[in-house]
Amino acid sequence: MKKKFKQFLYMFSATIGAVLFISLLVFYLIKNQNSENTENLNIHLSTFLIVGIILSFIIFILFSLLIVKSYSRKQIIAKESFSSYMDEIINHNMLGTIIFDIDGKILWTSKFIRKRFGRKWIGDSVENFFQNVNIKLSEVNKEFEFQHQTFYYSVNMWNLENSLSIKDITLEKRVLEVYDQESLVLGEIEIDNYQLYQSTLSEEQIYNVNKEVVKVLDNLVTKYNLVYRQYNTNGKFLIITNKNSIEQMKEEEFQFFKELHDILKNNDKTIMISVSAGFAVGTSNILEKMEQAKQALLQAQNRGGDQVAIFSNINMPLYYGSSKEILPSVDRTKVKAITYLIDKKMKNREIKKVIVYGHANADLDAIGSALGIVALAKAYKKEAYICTSTQDQTTIKAIDQYFDHDDEIFIKPRQADNLTDESTLVFLVDNSHPNRTDNPNLLLNAKDTNVFVLDHHRLGMPIDFAPKQNRIIDPSASSASEIVSEILMFSSKNVNLDTRTAQMLLNGIYLDTLQFQKHVTSKTFEAASWLQSKGADSVKSSEALKINAEIYEKINEVLSTLQEVKPGFYLAYKDIPLSNDVISIAAEEILRISGRKASFVVAKTEKGDKYKLSARGIDTNVQIIAEMVGGGGHFGTAAATTSKESLEEFIDNIKQAIVSVKHESNINKRL
Numbered sequence: 001m002k003k004k005f006k007q008f009l010y011m012f013s014a015t016i017g018a019v020l021f022i023s024l025l026v027f028y029l030i031k032n033q034n035s036e037n038t039e040n041l042n043i044h045l046s047t048f049l050i051v052g053i054i055l056s057f058i059i060f061i062l063f064s065l066l067i068v069k070s071y072s073r074k075q076i077i078a079k080e081s082f083s084s085y086m087d088e089i090i091n092h093n094m095l096g097t098i099i100f101d102i103d104g105k106i107l108w109t110s111k112f113i114r115k116r117f118g119r120k121w122i123g124d125s126v127e128n129f130f131q132n133v134n135i136k137l138s139e140v141n142k143e144f145e146f147q148h149q150t151f152y153y154s155v156n157m158w159n160l161e162n163s164l165s166i167k168d169i170t171l172e173k174r175v176l177e178v179y180d181q182e183s184l185v186l187g188e189i190e191i192d193n194y195q196l197y198q199s200t201l202s203e204e205q206i207y208n209v210n211k212e213v214v215k216v217l218d219n220l221v222t223k224y225n226l227v228y229r230q231y232n233t234n235g236k237f238l239i240i241t242n243k244n245s246i247e248q249m250k251e252e253e254f255q256f257f258k259e260l261h262d263i264l265k266n267n268d269k270t271i272m273i274s275v276s277a278g279f280a281v282g283t284s285n286i287l288e289k290m291e292q293a294k295q296a297l298l299q300a301q302n303r304g305g306d307q308v309a310i311f312s313n314i315n316m317p318l319y320y321g322s323s324k325e326i327l328p329s330v331d332r333t334k335v336k337a338i339t340y341l342i343d344k345k346m347k348n349r350e351i352k353k354v355i356v357y358g359h360a361n362a363d364l365d366a367i368g369s370a371l372g373i374v375a376l377a378k379a380y381k382k383e384a385y386i387c388t389s390t391q392d393q394t395t396i397k398a399i400d401q402y403f404d405h406d407d408e409i410f411i412k413p414r415q416a417d418n419l420t421d422e423s424t425l426v427f428l429v430d431n432s433h434p435n436r437t438d439n440p441n442l443l444l445n446a447k448d449t450n451v452f453v454l455d456h457h458r459l460g461m462p463i464d465f466a467p468k469q470n471r472i473i474d475p476s477a478s479s480a481s482e483i484v485s486e487i488l489m490f491s492s493k494n495v496n497l498d499t500r501t502a503q504m505l506l507n508g509i510y511l512d513t514l515q516f517q518k519h520v521t522s523k524t525f526e527a528a529s530w531l532q533s534k535g536a537d538s539v540k541s542s543e544a545l546k547i548n549a550e551i552y553e554k555i556n557e558v559l560s561t562l563q564e565v566k567p568g569f570y571l572a573y574k575d576i577p578l579s580n581d582v583i584s585i586a587a588e589e590i591l592r593i594s595g596r597k598a599s600f601v602v603a604k605t606e607k608g609d610k611y612k613l614s615a616r617g618i619d620t621n622v623q624i625i626a627e628m629v630g631g632g633g634h635f636g637t638a639a640a641t642t643s644k645e646s647l648e649e650f651i652d653n654i655k656q657a658i659v660s661v662k663h664e665s666n667i668n669k670r671l
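Next up, the structure:
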């Protein structure tokens, strides 16, 4: 009340002063004007008026200043109170502000900044402030995050407004981390080759296999946040867990794989029991996650089994395990099923043409298996072609021996594109992706249900361009030629296989088995025997793989650079152009000496635009090493190419991959 009265008194006094000042000033001016005609002006009156004017002016000025001072004080108090209030509010909400000048010198910091980062920053630079928390402003955007002590912060910089904000996001980070770690993970685990064991082991042994696998899973339940359920009698289990448990398994390199390998022993013969597992993380849709887990399991099996595949809708697949090759399956159910589908498609009158693609730089297996499919198509009176532009030297020699250069079955990618439509069946043999063929655009005009994939290599990436039933990926098969030979054997059509096609199929088997020295099963011998009954000659196949003296000298030139990268792992390289098959022969040559586990040979391709790696292993997974430099292949046979790196860079990356991947461990992680 007193403040209001004082304010009123100031305003009243200032008003009176103003009125008196104006009144006396006007009166004086009028009087002074009249004094020009009046000589006897009262001097005393004039003096009084002047004094009155001065006093009234002083009163007006004085009380006006008092009014302004009072108002300013209120504004300052209000502003200070509001600023303090806002500072408290933003501090309470874990938000801080820094104001700086055009030179980046800090002019003011909020309470939050002073509390978390100290009071010493006024007059210092913004750059030094962030250097104190190990952040270089030149290396970050206007919005970034950083960690200081046990807290996480997000920063927004407004350089035009000469200010920035720092917000504590620790709670948000912790909540998201907990949510992420507790997010649901679905998986499927299947005993590898369970049907094979059912046909070769006694009931008691099968029971023991199941019992031991269940025992391992029970141990996982007690160790991790995990439950499982066996949902059929074929060795298949559903797994429900969370991401935190999966991360722990990753850190421990999925040790349960090792526990399974030597469960069952039959006399002096060890039967290795292994499982394939597929897990799905990422998506919140349970139906999608279950389907993704099935795809992951299929991918793990297609890569040779005895491993884990982890699929996510936001990250690249991860693979773990595969330290041993599993017992190859002799089951022909898959081959018979796909043979039935192929026969059904071939019988369809709407299908007019068949185009077969091997991989780029085709070898004997790619061309041999392609010729087998062409023979089947011609038996059904279909137009049939092989699209190939590049072959290795051994294959060129074989084609020249058995076919004319202008043979109409061999076509180029442009011709293949013009021929491809909805009436065309497309086959990929000895490879599983269009990018690995001479025509990466082969699917543009093709109908997806008319695409078939026949391959024996471990998958490096999932297949999404052909139906599941239209593909057979069998790493236990010796070669694509073996798979195609079985299809011809089981086809309902009586295929009149000519001698040259049978010979090329046998050549393909001889190539990939190193003349029956590796990757051989009873199915391989049966396929070879059937081909020989069709006129193929094993002597000619052996002859086709022989090299001349000039190539032998080149191989020795490459091997003169041989070095041991780590115990048992050997690398040779030379910046000279060589055919793919010659590089492979050099890799095989290294392993002829006892005690060597793996060989890696690098040389320039014949065109000179790329470098090619050929890798071979004995009881060693070279596939994972090839994958780390952009390649892939089999457990013991793999390859990679590069066109973006120099030879030195490629060799350095290969060495790093060899050193970083330990054969003795069970891990093979790839992003």
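Just so we're aligned: the sequence shown equals residues 1 to 671 in UniProt numbering.
Positions of the beta carbon are idealized from the N, C-alpha and C atoms, including for glycine.
This structure is a prediction, so every number in the text was calculated from the model and none was measured.
Next on the checklist: Our contact map puts threonine 241 next to valine 185 with C-beta atoms below 8 Å; I'd like the distance itself, whole angstroms only.
Outcome noted: 5 Å
Item to check | Nearest to leucine 419 (by Cα), restricted to the options Gln469, Gln401, Ile351 | outcome: Ile351
Checklist entry - Which word fits serine 369, buried or exposed, when buried means at least 16 other C-beta atoms lie within 10 angstroms of its C-beta? => result buried
Checklist entry - Do alanine 375 and threonine 499 come within 8 Å of each other at the CB atom, strictly closer than that value? => result no
Checklist entry - Taking just the CA atoms, how far does valine 426 sit from lysine 447? => result 9 Å
Checklist entry - What is the DSSP secondary structure of phenylalanine 516, counted as helix, strand or coil? => result coil
Checklist entry - Can valine 354 and isoleucine 373 be called in contact, C-beta distance under 8 Å? => result yes
Item to check | Where alanine 362 sits in the DSSP three-state scheme | outcome: strand
Checklist entry - Does DSSP put arginine 596 in a helix, a strand or coil? => result coil
Item to check | Cα-Cα separation between alanine 587 and asparagine 556, rounded to whole angstroms | outcome: 11 Å
Checklist entry - Would a C-beta distance cut-off of 8 Å place valine 209 and isoleucine 189 closer than the cut-off? => result no
Next on the checklist: Taking a contact to mean a Cβ-Cβ separation below 8 Å, would you say serine 274 touches leucine 297 in this structure?
Outcome noted: no
Next on the checklist: If the criterion is Cβ atoms closer than 8 Å, does the pair phenylalanine 311 and glutamine 301 meet it?
Outcome noted: no
Item to check | Residue(s) in a DSSP beta bridge with isoleucine 472 | outcome: Leu454
Checklist entry - Cβ atoms of threonine 339 and alanine 360: under 8 Å apart, would you say? => result no
Item to check | Beta carbon of alanine 544 nearer than 8 Å to that of asparagine 507 | outcome: yes
Checklist entry - DSSP on lysine 447, reduced to helix/strand/coil? => result coil
Next on the checklist: For residue 684, report the span of its alpha helix (DSSP H) as first-last.
Outcome noted: The structure shown does not extend to residue 684, since the chain is modelled only from 1 through 671, so no value can be given for it.
Item to check | Assigned secondary structure, residue 718 (DSSP; H/G/I helix, E/B strand, else coil) | outcome: Because the chain here runs from 1 to 671, residue 718 falls outside it and cannot be looked at.
Next on the checklist: Out of Ile386, Ile166, Ile396, Thr395, which one is the CA nearest neighbour of glutamate 408?
Outcome noted: Ile386
Checklist entry - Which whole-angstrom value describes the C-beta separation of isoleucine 102 and tryptophan 108, a residue pair presumed to lie in contact below a C-beta threshold of 8 Å? => result That pair is no contact at about 15 Å.
Item to check | Every unbroken beta strand (DSSP E) inside the region 119-198 [3 residues or more] | outcome: 143-148, 151-158, 163-168, 184-191
Next on the checklist: Three Cβ pairs or more, each shorter than 8 Å: is that satisfied between the region 474-482 and the region 515-523?
Outcome noted: yes
Next on the checklist: Quick check on phenylalanine 279: does DSSP put it in helix, strand or coil?
Outcome noted: strand
Checklist entry - Where serine 110 and aspartate 180 are concerned, what is the direct C-alpha to C-alpha distance, given to the nearest angstrom? => result 33 Å
Item to check | N-terminal and C-terminal residue of the beta strand (DSSP E) that arginine 616 is part of | outcome: 611-617
Item to check | methionine 157 versus valine 175 - alpha carbon distance | outcome: 25 Å
Item to check | Straight-line Cα distance separating isoleucine 169 from valine 126 | outcome: 21 Å
Checklist entry - Is the CB-CB distance between glutamate 605 and lysine 612 below 8 Å? => result It should be noted that the sequence gives threonine, not glutamate, for residue 605. Contact flag set, yes.
Checklist entry - Taking Cβ positions, are glycine 630 and alanine 639 nearer each other than 8 Å? => result no
Item to check | Residue ranges of each beta strand (DSSP E) within the region 299-325, 3 or longer | outcome: 307-312, 318-321
Next on the checklist: What residue range does the alpha helix (DSSP H) around alanine 466 cover?
Outcome noted: Taken as a continuous stretch (DSSP letters only), alanine 466 belongs to no alpha helix (DSSP H), as it is neither H nor E.
Checklist entry - Skipping 5 residues on each side, what residues in its chain have a beta carbon closer than 7 Å to that of alanine 626? => result Leu613, Ala615, Gly632, Gly633, Ala638, Ala639, Ala640
Item to check | N-terminal and C-terminal residue of the alpha helix (DSSP H) that glutamine 230 is part of | outcome: Run containing glutamine 230: none in the alpha helix (DSSP H); it sits in the beta strand (DSSP E), 226-230.
Next on the checklist: Quick check on DSSP: helix, strand or coil for isoleucine 658?
Outcome noted: helix
Next on the checklist: Quick check on the DSSP output: the beta strand (DSSP E) that includes phenylalanine 237 runs from which residue to which?
Outcome noted: 236-242
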